[in-house]
Amino acid sequence: TYESLPVKLEGRTCIVMTRQALELPGVRDANGAIFVNNVSDAMRFAQEESVGDVAYVIGGAEIFKRLALMITQIELTFVKRLYEGDT
-14 TYESLPVKLE
-4 GRTCIVMTRQ
6 ALELPGVRDA
16 NGAIFVNNVS
26 DAMRFAQEES
36 VGDVAYVIGG
46 AEIFKRLALM
56 ITQIELTFVK
66 RLYEGDT
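Written as structure tokens, this is what we have:
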């Protein structure tokens, strides 16, 4: 999902959960996004980066399932076109 964004999210700390193997959790890309493999590391880096009281999670159904019990608010976007996806 992160790689598919046409423009990276400026002014936001992006913590990207990925299935790809990482040598070290917290590896950053050129845009400053932090890559992790699990919810525990995502939460730890969110606290270390002081992202504030709100963390935005961008992803598909699998990410939503992993974080479902932590969600207190959903901002849902409706897209008026059909796109091929995994969910």
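In this text, residue positions in the sequence shown follow this note's numbering: the first is -14, and each later residue adds one. Backbone N, C-alpha and C define an ideal beta-carbon position, used for all residues, glycine too.
{"Asked": "For a quick check, are the C-beta atoms of I59 and A31 less than 8 Å apart?", "Found": "no"}
{"Asked": "Only counting the same chain, and skipping five residues up and downstream in sequence, which positions put a Cβ closer than 7 Å to that of L9?", "Found": "none"}
{"Asked": "To which residues of the same chain is V24 closer than 6 Å at the C-beta, ignoring the five residues directly before and after it?", "Found": "R51"}
{"Asked": "Give the DSSP-derived three-state secondary structure of R13 in the structure shown.", "Found": "strand"}
{"Asked": "Would you kindly work out how many angstroms separate the C-alpha atoms of V21 and I48, rounded to a whole number?", "Found": "12 Å"}
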